[in-house]
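S.K.: The letter at position 456 of the sequence shown is residue 456 when you use this note's numbering, and the numbering goes up by one with no holes. Glycine included, each C-beta is placed from N, C-alpha and C at the ideal position. Handing you this structure, nothing more for now.
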Amino acid sequence: VNHQNLVKTGLEFVYSDLDLNYGEINYFTNTQNMVKQRNFPIRGSAYIQDKFESRGFIMNVGLRMDYNQPNAEWVDLANFDKAFFSAQYDPARAFSTTKAKSEVSWSPRLGISHPITSSSKLFFNYGHFKQLPTYEQIYRLSRAGTGQVTNIGDPTLQMAKTISYELGYDQVLFKDLLLQLAAFYHDISDQQAFTTFIDEVAGINYNQSTNSSYEDIRGFELSLRKSAGQWWTGFANYTYQVSTLGHFGTDRIFASPSQQKDYDRRTQNLYQERPIPRPLARMSVTFFTPNDFGPVLLGERPLGDWALNLLAHWRSGEWVTWNPNGLQYIAQNVQVKDDHNVILRLSKNFRISRMELSLFCEINNLFNSKLMSGAGFYDVNDQIAYYESLHLPSNEAYNNIPGDDRIGDYRRTGSDYQPIERVGQLETILEPNSRVIYYHIPDGRYMEHTDTGWQEVDSGRMDKIMDDKAYIDMPNQTSFNFLNPRQIFFGIRTSFNLD
């Protein structure tokens, strides 16, 4: 517009043809769960933004409009309509429907950057952001082989809303390093979740998509960045954040008032999840050689234009609930193992006339770290057996042998399973199993029964068992326990300069 104002605007329009035809058919267990339907949703957006600059002061002011038109007729029935939701469903019968309404939302945004000195500045960002639910959550209507509804979407779902605040400080160090410290807060409402409707008498049990979840995230991050250099660039970031999550109402609705009362009395879903910090760290370093580095050989510089990038991340494990003793007010009492990974990328560029050729190698999970996927459990009993075998920090919610294990710990590859069981008094075991090691609760000793009677397990052998975590009862579907093996990719990338 002028030397101080730069205005940007844009439009987006998306018309989708969704042909949903998927599900599960298991002939062995004679079960079926299928989704078959077609929808034509419309969504669009528009924005306008003005960037104002004056003497180093920068202000971005914008407004975004989001539009969502489900473009669908949807059933308008009571939650426990037996004719529609139970196995009595007749596909030839017509049911009451209503047209899903469209939604228009407006999202203001503001960003301010104010210089303090020639090498430092303060900045502030504020904005509203909307996120459309997945189309599966909106349109899914799946039925079992009996005709009973198992999952149903909701085209009237609202877009999840995030109100975000950020305040930060930038400082240039040694001319080519940028240090940034920022605090942030995100208030998230109308998040997508699921509510289960149960009528045991009528044979109704299905999940419905809802906007019943909320979350707030707050924390700070410290970053150090080197964006330019002849031999290397990189960044490092540490983020400390705390999340609080919860639900509006209950996640299960029963047709029976007595069942509803009992569930609401015992459930943890009505409690807000306690705020638990989950810090994370990321680092990326790229080493490279200049284009003209090294001697010329056959018109090329073999040592020039190489790049080696290392990308690493670490995040503290989440907290989950393990409460076999059924105590009230127990939630998020055991921690999952930390997540970490390193990715290496190596590339060499060649220029041939107007074509640029890049040969690259990428190694995901460079150190082949193992992360349990959770997909290896055959059923819930298999999962319980794994949880019970862990040596967890002492807690009144469970009776595990005390230790420092976390969810996700695993038995060392090649180690034979060594069962260990808790026992209060050895005399109460009428038929001791020589294969089992018994943890004697009163004195914390590990005992075994031999031909000569009870004796303490040799310390060297016990140390080996503990180091190998041989006592962990691993999930039975072993092929699915670790789904993140080291992966190596080779490739060629080409580009052309048309100037």
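Which ranges does the alpha helix (DSSP H) cover as unbroken runs of at least 4 residues, wholly within the stretch 327 to 414, from first to last along the chain?
M.R.: Segments of the alpha helix (DSSP H) lying fully in the stretch 327 to 414: 380 to 389.
S.K.: For I48, collect the residues of the same chain with a Cβ closer than 8 Å to its Cβ; drop the 5 residues on either side in sequence, then sort them by chain order.
M.R.: V7, K8, T9, G62 and L63.
S.K.: Skipping 5 residues on each side, what residues in its chain have a beta carbon closer than 8 Å to that of L177?
M.R.: L224, R225 and K226, listed in sequence order.
S.K.: Going by DSSP in three states, G460 sits in which element: helix, strand or coil?
M.R.: Note: G460 maps to helix in three-state DSSP.
S.K.: Compare the beta carbon distance of K121 and S105 with 7 Å and say whether it is the shorter of the two.
M.R.: Not a contact, by the Cβ cut-off of 7 Å.
S.K.: By Cβ distance, which residues of its chain are closer than 6 Å to L280, with the 5 residues on each side in sequence left out?
M.R.: Within the same chain, L280 has close Cβ partners T239 and R315.
S.K.: Let me check understanding here. Comparing Cα to Cα, which of V75, S45, G44 and R109 lies closest to N60?
M.R.: Closest option to N60, Cα to Cα, is R109.
S.K.: Taking the CB atoms as reference points, tell me whether S209 and D262 lie closer together than 7 Å.
M.R.: Contact: no.
S.K.: Looking at the unbroken beta strand (DSSP E) that takes in K121, where does it start and where does it end?
M.R.: First-last of the beta strand (DSSP E) with K121: S120 to Q131.
S.K.: Find out if the Cβ-Cβ distance for the pair R488, Y439 is shorter than 7 Å.
M.R.: Here residue 488 turns out to be Ile, not Arg, going by the sequence shown. No. Outside cutoff.
S.K.: Is DSSP giving K261 helix, strand or coil here?
M.R.: If DSSP states are grouped into helix, strand and coil, K261 belongs with the helices.
S.K.: In or out: P257 buried (at least 16 other Cβ within 10 Å) or exposed?
M.R.: Looking at its Cβ environment, which holds fewer than 16 other Cβ atoms inside 10 Å, P257 is exposed.
S.K.: Taking the CB atoms as reference points, tell me whether V336 and I429 lie closer together than 7 Å.
M.R.: No. Outside cutoff.
S.K.: State whether the stretch 354 to 373 contacts the stretch 443 to 454, with contact taken as three or more CB pairs (one from each stretch) at a distance under 8 Å.
M.R.: No, because fewer than three Cβ pairs between the stretch 354 to 373 and the stretch 443 to 454 fall closer than 8 Å, the two stretches do not touch.
S.K.: What do you reckon, is the C-beta of D379 under 6 Å from a heavy atom of the ligand FMN?
M.R.: Only the bare structure without any ligand can be found here, which leaves the ligand FMN out of the picture.
S.K.: Can you tell me where the alpha helix (DSSP H) holding I48 begins and where it ends?
M.R.: Per DSSP, I48 belongs to no alpha helix (DSSP H); it is in the beta strand (DSSP E), I42 to S54.
S.K.: For V61, which beta-bridge partners are listed by DSSP?
M.R.: According to DSSP, V61 bridges with D50 and L110.
S.K.: Indicate the three-state DSSP secondary structure (helix, strand or coil) for R140 in the structure shown.
M.R.: It is coil, neither helix nor strand.
S.K.: Shortest alpha-carbon distance to A312 belongs to which of L498, N497, S369 and L297?
M.R.: Nearest C-alpha to A312: S369.
S.K.: Should the stretch 277 to 296 be regarded as contacting the stretch 229 to 243, the criterion being three or more beta carbon pairs within less than 8 Å?
M.R.: Segments in contact, yes.
S.K.: Which residues bound the beta strand (DSSP E) around F84?
M.R.: Taken as a continuous stretch (DSSP letters only), F84 belongs to no beta strand (DSSP E), being part of the alpha helix (DSSP H) at K82 to F85.
S.K.: Would you be able to state if there are at least three C-beta pairs under 8 Å between the stretch 337 to 349 and the stretch 458 to 465?
M.R.: Taking 8 Å as the limit for Cβ pairs, the verdict is that the stretch 337 to 349 does not touch the stretch 458 to 465.
S.K.: Ignore the nearest five residues each way along the sequence and tell me which others in R143's own chain have a CB closer than 6 Å to its CB.
M.R.: Closer than 6 Å at the Cβ level, and outside the excluded window around R143, lie V149.
S.K.: Just curious, the beta strand (DSSP E) that N237 is in, first and last residue?
M.R.: Unbroken beta strand (DSSP E) run through N237: W232 to H247.
S.K.: For chain D, is any of its Cβ atoms less than 7 Å away from the one on T195?
M.R.: In the structure shown, chain D cannot be found, because there is only a single protein chain.
S.K.: Which residue or residues does DSSP assign as beta-bridge partners of P277?
M.R.: Per DSSP, V242.
S.K.: Please classify V334 as buried or exposed, where buried requires at least 16 neighbouring CB atoms within 10 angstroms.
M.R.: Buried, by the Cβ-count rule.
S.K.: Need the endpoints of the beta strand (DSSP E) that H440 sits in, please.
M.R.: I437 to H440 is the extent of the beta strand (DSSP E) around H440.
S.K.: Among G203, Y165 and T195, which one has its Cα closest to the Cα of H186?
M.R.: The option with the nearest alpha carbon to H186 is Y165.
S.K.: Would you mind stating whether A72 and N21 have Cβ atoms separated by less than 7 Å?
M.R.: No, these two residues do not count as a Cβ contact at 7 Å.
S.K.: Starting from the C-beta of G249, find all residues in its chain whose C-beta is less than 7 Å away, skip the five residues before and the five after it, and write them out in chain order.
M.R.: Excluding sequence neighbours, G249 sits near S212.
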